[in-house]
Structure formats: C-alpha cells, structure tokens
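These protein sequence lines map, in sequence, to chains A and B.
Heads up: the first sequence begins at 1 in the UniProt record's numbering, then just goes up one per residue.
Heads up: the second sequence begins at 1 in the UniProt record's numbering, then just goes up one per residue.
Step one of this worksheet: look at the structure below.
Number of protein chains: 2
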Amino acid sequence: MSGRGEIDRLVTLLARLPGLGPRSARRAALALLRQPHARMLPLAEAMEQAARAVRTCSACGNLDTTDPCAICADPARDHGLVCVVENVGDLWALERAGVHRGVYQVLGGTLSALSGIGPDDLNVQSLFDRIAAGGVREVILALGTTVEGATTMHWLHERLARFDVQVSRVGQGVPVGGALDVLDDGTLAAAIMARRPA
Amino acid sequence: MSGRGEIDRLVTLLARLPGLGPRSARRAALALLRQPHARMLPLAEAMEQAARAVRTCSACGNLDTTDPCAICADPARDHGLVCVVENVGDLWALERAGVHRGVYQVLGGTLSALSGIGPDDLNVQSLFDRIAAGGVREVILALGTTVEGATTMHWLHERLARFDVQVSRVGQGVPVGGALDVLDDGTLAAAIMARRPA
C-alpha cells in the first residue's frame, strides 16, 4: 500500500483509540474517506476545537471547557456532598444516571503498587483543601471494587478521619436487573452482608 | 452535561463512526481529551490532510492520494488482469493478502433492487473502456456471494460477453482453516461442486 501515506497514517492513529482495532480502524477510515467533506472535516474540526477548549477543573479534576467546570460552578448543586470517583468516565456515568446531586472529586487513578501509582499521583489535595475550608458535609467514595479501588478507598477513609466529615461508600450487591447465578462469589457475599429487611 | 458543547459534539461525531457506539465513542473521546496535544491534535491533523489529499482513481475507482492510484500507476503490476471488487475495503483486503498481482475495478456497490442501485450507479464504464482500449486479458469477478453479489456477477458476465476477454470468478468453498460443521449448506454445496482431484 505504498503511495498512500495520508491514508495509512489515518488508519494507524484511529487504531490507537480504545475500542478500535486495526480492522475497525480501517472500516472507520473508509467511512470517513468516502465523505471527506461531510464527515471527516467536521470530525477533525470538532477535535481541534475540543483540544483547544478542554481544561481540567482545578477544583475537582473534571474535564470541561471552563475552569471551574460546569458542575463545580453550578450553585444548584450540593457542594457539601462530594462524590470521589476514579476518572472522568465514572463521573460521566453518574451524571448520565442523574443519581448524584452533589459535586465530584476525580482522583485520576487508584493506588497501585504494580503501576507505581502512589498517594502523590492522585488528585486528592484539592479535596482536602475543600474540606479544610469548610462546607463539606459528606464524602461518598464511589471507586470500583477492584483490589486497587478497595485499597484506595481504605487509604482515603484513613486520611479523611482527621476531618469532621462523614465518609460513606457506594453500596455493594446484586446489580439491578442482574441474575444471581452469573455473579462472582465476592459480589454474592457482599450482597448477603448488605442485606436489609424486606 | 450542559456547558460542554465541544465535548458533546466530539462524542456525537465519534459515535457515528462504524464500529463505535455511544459507549465506545465516550471512551475514545476521553482517551483523546486526556492527551489533547499528544493524541487529539495529531489525529485531527491526519484527518484534515487525508480529506484534502484523498481522491478517487479515475481508472479503477480506488481511493488514493494520486489519480491514477498507486496500483494503476505501477508498471510492475499486470494491467491485463483486472479484479472486480465491490468496494475499497475489499481491495485493501486483497492487497493485504498480496494475492492479486493485477489491477482492480472498484464498483462502489452491487446491484440491488431493494436499495435502488442499478447498473448506472456502478463504477463500471471505465472497465468497459479499459477493455475496449485493448490490453485486458482476463477479468476476475471477486464479489461477495450474497444475492446482490451473485446478481451483479451474473449481470457483469453477460455484459462482458461482447468483449474478447476471459471472465472468471473467485472460487467458492471451505475457508482455509475453517471447520465443515459450522458452514452453511450453500457453502458446503459449493465446496462439493468445486471439488478437485486430491
């Protein structure tokens, strides 16, 4: 496939996106190449605008086009209720579900000895600052229930003990709509432990 | 998710790519947003360059940055052997396999009464012109074995009968590495019909 450097480069860069392999990257590239003006240039322009506009919220670590982000700047949200998540994707998921009326703290990762991620690598100082400044009533730890997530929640729980703030964590158990027989033992154990009067 | 127009627009446009749904588009957008300068701007630039550079080969219908395309312009290829494919993706697949040393004719579709695609919608006149100009020895029909592909091969076979050119079609049968018991009856029948001395 000599003599088509631009096309090869496009396929190569598309294949690096999560969720796209070489095969689907070629399909995506072909779809774009077939409609360069209707599809490819608008996407390229959207990328450039987003790259220029995006910034990290200095309060919570969210990605937005403003700093502070739209959530932190929203007076209608409960700034006394801070939900700690691992990454912006988790924040987006909670926002789509519309289940959290407070604000967030995006850690940008979880503690991991294997990956060499220590406390200093987490975006957590601004949370402590917010709490120390007063006004934070409750911190919800909404990290994944992996080993790293559990380790991070444990560490955060310890660090937050010195503040006068309530610390809670998201409930564990059977997913809504989920069947019991496909769940792992750990989830089943957590579901039994978290049983409530019916 | 108000106040993040640029991010929403990026997700929306990414979700329109084949192979990406809303969920994977969000993941891809996040990966790009996390590295706007290392990942997003290079991809945007590659798209713009490709959109500016890409053109359709007037000889065969291939997409390339030159017209005629690199394959049609290559004197080392056998211009007397033309392989007819439905789309550029099929051409890429044959080029990756390195199994065709001739040139191509990209139809841009197959005859389909349902989709309203008739003979006039296929990129086929340049094939007839090439044959009429002489020098084409054999035409290989390499279309998919769907109803539309078979219809198109039948129609092309009839149209090519008036030229002094050999017409062949790709062999049908058991895919290399394929197990017999997962194949459909039509493929098995074709494989038996196409049997050869062992």
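From the three backbone atoms N, C-alpha and C, an ideal C-beta is built for every residue, glycine too.
Which chain B residues sit within Cβ distance under 8 Å of residue i?
i, result
"L41/A", "M47, E48 and A51"
"R26/A", "G89 and W92"
"V54/A", "E6, I7, L33 and P36"
When you compare each of the options to residue i by their alpha carbons, which one comes out closest?
i, options, result
"R169/A", "Q35/A, L81/A and D8/A", "L81/A"
"V165/A", "C60/A, G5/A, R130/A and A59/A", "R130/A"
"R77/B", "L20/B, A93/B and H100/B", "H100/B"
"R23/B", "R96/A, V124/A, V84/A and G178/A", "R96/A"
"E48/B", "T65/B, L33/B and E158/B", "T65/B"
"V124/A", "G135/A, G186/A and M153/A", "M153/A"
"residue 199/B", "H37/A, R52/A and S58/A", "With chain B covering only 1 through 198, there is no way to say anything about residue 199/B."
"E158/A", "P119/A, L91/A, L188/A and T145/A", "P119/A"
"L94/A", "I71/A, S115/A and D181/A", "I71/A"
"I117/A", "G98/A, T151/A, G134/A and D74/A", "T151/A"
Interface residues of chain A around residue i at Cβ under 7 Å?
i, result
"R9/B", "A46"
Who are the near neighbours of residue i in its chain, counting only those whose CB is closer than 8 Å to its CB and skipping five residues on each side?
i, result
"A194/B", "G171, Q172 and G173"
"G3/B", "Residue placement at G3/B cannot be trusted, given a pLDDT of 49 that sits under 50; the coordinates are not used to answer."
"R39/A", "A31 and L32"
"G5/A", "none"
"R137/B", "G80, L81, V165 and Q166"
"S58/B", "D67, P68 and S126"
"G135/B", "H79 and G80"
"E43/A", "Sequence check: residue 43/A is Leu here, not Glu. L32."
"L17/A", "A25"
"W155/A", "L111 and P119"
Residues of chain A with CB under 8 Å from residue i, in chain order?
i, result
"T65/B", "G3, R4, G5, E6 and I7"
According to DSSP, is residue i part of a helix, a strand, or is it coil?
i, result
"E138/A", "strand"
"R101/B", "coil"
"E6/B", "helix"
"R55/A", "strand"
"D181/A", "helix"
"L20/B", "coil"
"M1/B", "Low per-residue confidence applies at M1/B: pLDDT is 44, beneath 50, and the placement is therefore not dependable enough to give any value."
Excluding the 5 residues flanking residue i on each side, which residues of the same chain have their C-beta closer than 6 Å to its C-beta?
i, result
"I7/A", "none"
"A113/B", "none"
"A29/A", "L10, V11 and L14"
"L127/A", "Q105"
"E86/A", "L107, T110 and L143"
"I140/B", "C83 and S168"
"F163/A", "I131"
"M1/B", "Low local confidence applies: a pLDDT of 44 at M1/B is under 50, so the model's placement there is unreliable, and no value is given."
For residue i, collect the residues of the same chain with a Cβ closer than 7 Å to its Cβ; drop the 5 residues on either side in sequence, then sort them by chain order.
i, result
"L63/A", "V54, T56 and V88"
"R26/A", "V11"
"E148/B", "T110, L111 and S112"
"L160/A", "V139 and V167"
"residue 199/B", "Residue 199/B falls outside the range modelled here, since chain B spans only 1 to 198, and no answer is possible."
"T145/B", "Q172"
Which chain B residues are close to residue i, counting only those with a beta carbon under 7 Å from its beta carbon?
i, result
"L17/A", "A28 and A31"
"L13/A", "P42, L43 and A46"
Whose Cβ in chain A lies nearer than 9 Å to the Cβ of residue i?
i, result
"L20/B", "L17, G19, L20, S24 and A28"
So, does the CB of residue i fall closer than 8 Å to a CB anywhere in chain E?
i, result
"L127/A", "The chain inventory of the structure shown lacks chain E, comprising the protein chains A and B."
Whole runs of the alpha helix (DSSP H) within the UniProt domain "Toprim" (80-175) of chain A, excluding any shorter than 4 residues: 88-97, 125-132 and 147-160
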